[in-house]
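Enquirer: The sequence shown lines up with residues 53 to 176 when you count with the working numbering.
Just so it is clear, CB atoms sit at the ideal spot from N, CA and C, and this is done for glycine as well.
Keep in mind it's a predicted model, so treat the numbers as computed, not measured.
Handing you this structure, nothing more for now.
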Amino acid sequence: MERDDIVEYSLHAHHSDEEGKAIRKKIWFVTILLSVVTIVEVAVGIFFPKADVSTGAWTAIKFGYIILTLVKAGYIIMVFMHLGDENRNLRRMILWPYMLFICYLIFILLTEAGYVHQVWETLH
53 MERDDIVEYS LHAHHSDEEG KAIRKKIWFV TILLSVVTIV EVAVGIFFPK
103 ADVSTGAWTA IKFGYIILTL VKAGYIIMVF MHLGDENRNL RRMILWPYML
153 FICYLIFILL TEAGYVHQVW ETLH
């Protein structure tokens with residue numbers, strides 16, 4: 053039995069060969085960019101374990117991970133959720149509350165971690 057309520061979207065894709073090449077180029081760029089960022093994150097995790105680096109370097113590695121993760125998340129949102137094609141004001145309205153919330157979570161994480169460390173030191 054054939055359903056008549058299913059729309060075949062591939063039949064309605066009317067774009068030229070140049071537009072198709074641009075789309076494929078964008079897909080390859082996104083794939084390579086996200087792969088490189090992921091490879092860098094994994095390589096840093098493998099080659100710089102916490103036991104082998106100083107406290108300052110470990111702090112830099114942690115902030116590097118936070119920045120790389122936010123870059124990946126933002127890029128995924130802009131490309132795969134098509135937010136990059138929207139109006140600039142709409143993008144800001146959607147992204148700025150999340151960025152503010154993420155900054156708040158990082159602040160809470162860092163301040164509470166220091167407090168937990170102080171409590172641990174006083175108990176032991």
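Excluding the 5 residues preceding and the 5 following T90 in the sequence, name in chain order all residues of the same chain whose CB lies nearer than 8 Å to its CB.
Expert: The answer, listed in chain order, is K124.
Enquirer: Just confirm the distance between the C-beta atoms of W105 and I113, as a whole number of angstroms; I'd bet it's less than 8 Å.
Expert: It should be noted that the sequence gives Val, not Trp, for residue 105. Between I113 and V105 the Cβ distance is about 7 Å, and since that is below 8 Å, they are a contact.
Enquirer: Rounding to the nearest angstrom, what Cα-Cα distance links T196 and P149 in this structure?
Expert: Absent from the model: residue 196. The displayed extent of the chain is 53 to 176, so no value can be given.
Enquirer: Pull up the distance between the alpha-carbon of I79 and that of V168, whole angstroms please.
Expert: Those two C-alpha atoms are separated by around 44 Å.
Enquirer: Give the range of the alpha helix (DSSP H) segment to which M133 is assigned.
Expert: Note, M133: premise wrong, no alpha helix (DSSP H); not H, not E.
Enquirer: Under 8 Å between the Cβ atoms of G116 and V96?
Expert: Closer than 8 Å, so yes.
Enquirer: Would you give the residue range spanned by the alpha helix (DSSP H) that D69 belongs to?
Expert: Counting along the chain, the alpha helix (DSSP H) containing D69 begins and ends at D69 to F99.
Enquirer: Are the beta-carbon atoms of E130 and G136 separated by less than 8 Å?
Expert: The residue you asked about is not Glu; residue 130 is Met in the sequence shown. Result yes, Cβ atoms of M130 and G136 sit closer than 8 Å.
Enquirer: Do you know whose CA, among A109, H134 and L152, lies nearest V82's CA?
Expert: That would be H134, whose Cα lies nearest to the Cα of V82.
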